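Order-wise, the sequence lines are chains A and B. With the first letter of the first sequence counted as 1, position 205 gets the number 205 in my numbering; the numbers rise by one all the way through. Offset between the second sequence (1-based) and my numbering: plus 1000. The C-beta atom is built at its ideal place from N, Cα and C for all residues, glycine as well. Values in this document were obtained by computation on a predicted structure and should not be read as measured data. Comments concern the structure below.
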Amino acid sequence: MILLASASEAILFRWKQGIMDFSPLDFAYNFASLTEKLIKLQPEILLLDYELLNLNSERSILELINLRAGIKIVVFSPELPNEIEWKLFKAGIKGCCQNNIQPEQIKRVINVILQGELWIRRTLTNQILDELVKVTHEKNRVDKAVNELLDNLTRREYQIATLVGRGESNKRIAQQLAITERTVKAHLTEIFRKLRISDRVKLALIMKDAMRSPEQTLQR
Amino acid sequence: MQPITVAIVEINQNQPVSVENFLQHNDTKVELLADIPSNYDHVRERRQTLRNNEAAIDNAVARIKRLRPQILLINANQAIDEYCDLLFVLRYECPDTQAILIINEAVEENYLLETLACGARGFITDNLDSLNFSKVIDAINRGEAWVSRKLVGKIMHQIVSASRNDFIEAGFDSSC
């Protein structure tokens, strides 16, 4: 299912011409009906007119992706500055095309995106690599800091933290370790203090990463 | 028009790459700076110490700093970890030099991702013809990267996941 979202009949007609081979299709004419249809129809691809997004286009994209996880969004826009287009990709869109794209080219865009690739201008690829360098550097820094903090946990605290990372409730953790829920809570308070975090969601995220890290697995 | 300056470096490689093969006859667009020798003498002694590898990187960086090529080709027919260190150092020591790897078909995708994360701007295969080599050089010189669409998709997935994690961490709060 492909959902086409634009307030302009002319734009919708143009898109339709390009993707006649694909079916089924559905249409949304404003942002409110778009959000409704995303939930109701669960489309695989969304062709989205940039004009339909509100001023904070990045947030609108995040909102749409939250409504329909895994949706592949292609934005059609006038020529955008690199910075704005990059923000849209960072929010999770899979393609960005100029409004004057030939209808027959739209079919190619969709095929590329269905193969898990992006439809992105070559001029933005360097920005992608810069961001990759930045993200990797930051991740390595955080991993190192987290590993140092995890080393401060006692064996029991680490066991409990690992179970939180697996999504277990306090009750289940207490059952598995044959201790009371109150003791689990006390351990968690101590874990939060040592890791300098305030809640179990952050702990779960940390532990998921740590469990993937061979360094931390080997140490325990 | 000024030619684009290109140099090649290789550390611990057993298969040479001849940049001349990439160049068109009478090519005036690319100027090959040929002062960076290969270190095949190292290949004879495969059991090198870490110190030797560090020396090889230092040596390469010193030569690159002296030559200041716009584009640096790195012979990576053999995927070695030292290239990540080299790329990392180059980002700080020679920020105007764009590095691309010359690879063969056997190089694993994870290695490519790792080198891109360390600062490589793309990769080409060792059997690239001169016409395509010219396109790559032009693209890199324009400030673009030379990476397959498929890999761009994977890299972007990593970036989006990382920024979404930040978003989740900033937006949620819960207690014990």
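Three-state class that DSSP yields for C1094/B in the structure shown: coil
Beta strand (DSSP E) segment containing Q98/A, residue limits: G95 to Q98
Segment contact flag, the region 119-127 of chain A with the region 90-97 of chain A, C-beta cutoff 8 Å, min 3 pairs: yes
Short CB-CB distance (under 9 Å) between L38/A and chain B: no
Sub-9 Å separation of L3/A and F31/A beta-carbons: no
CA nearest to the CA of L124/A, picked from K134/A, K87/A and G116/A: K87/A
Beta-bridge pairing of N1075/B - partner residues as DSSP gives them: I1102/B
Cβ of A210/A within 9 Å of any chain B Cβ: no
Under 8 Å by beta carbon: chain B residues contacting V112/A: R1149
I1008/B to I65/A span [Cα, whole Å]: 44 Å
Any C-beta of chain A under 9 Å from that of A1007/B: no
Residue-chain proximity (S1163/B, chain A), Cβ-Cβ < 9 Å: yes
The ligand COA heavy atom lying under 8 Å from the CB of L34/A: As presented, the structure is devoid of all ligands, the ligand COA included, so that no description of it is given.
Unbroken alpha helix (DSSP H) run spanning K134/A, endpoints: T125 to L150
Sufficient close CB pairs (3 or more, under 8 Å) joining the region 1093-1112 of chain B to the region 107-116 of chain A: no
Cβ neighbour criterion (16 or more within 10 Å) applied to Y158/A: buried
CB-CB length for I61/A against I45/A, believed under 8 Å: Not quite, the Cβ-Cβ distance comes to about 14 Å (not below 8 Å), so this is no contact.
Residue range of the alpha helix (DSSP H) that includes E58/A: S57 to L67
CB of Q1015/B within 9 Å of CB of N1110/B, strictly: no
Coil, strand or helix - A161/A by DSSP: helix
Contacts around M207/A, its chain only, beta-carbon distance under 7 Å, and the 5 residues preceding and following it disregarded: A161, T162, V164 and G165
I1177/B vs N1053/B beta-carbon contact at 9 Å: Examination of residue 1177/B is not possible in this model, given that chain B is present from 1001 through 1176 alone.
A1056/B classed as buried or exposed, judged by whether at least 16 other C-beta atoms fall within 10 angstroms: buried
Nonlocal neighbours in the same chain, by C-beta distance under 7 Å from T1028/B, ignoring five residues either side: P1003
Supposed close pair I1100/B, L132/A - CB separation, criterion 8 Å: That belief does not hold up - the Cβ atoms of I1100/B and L132/A are roughly 15 Å apart, past 8 Å.
Residue-level contact to chain B via CB, R122/A, 9 Å cutoff: yes
Reference L50/A, options T154/A, R156/A, L38/A and I11/A, closest by Cα: Residue 50/A is actually Tyr in this sequence, not Leu. For Y50/A, the nearest C-alpha among the options comes from I11/A.
Beta-carbon gap between L205/A and F192/A smaller than 9 Å: no
Contact list for Q1158/B against chain A, beta-carbon separation under 8 Å: L132 and V135
Residues within the region 1101-1131 of chain B neighbouring chain A, beta-carbon criterion of under 9 Å: L1113, E1114, L1116, A1117, C1118, G1119, A1120, R1121 and G1122
Where G92/A meets chain B, residues with beta-carbon distance less than 8 Å: V1160 and R1164
Validate contact between the region 1112-1132 of chain B and the region 1146-1157 of chain B using beta carbons, cut 8 Å, 3 pairs: yes
Buried versus exposed, by CB contacts within 10 Å (16 or more), I1137/B: buried
Cβ-based burial, V1030/B [other Cβ within 10 Å; buried from 16]: buried
Candidates A1079/B, R1121/B, E1082/B and S1018/B, of which the one nearest P1095/B by Cα: R1121/B
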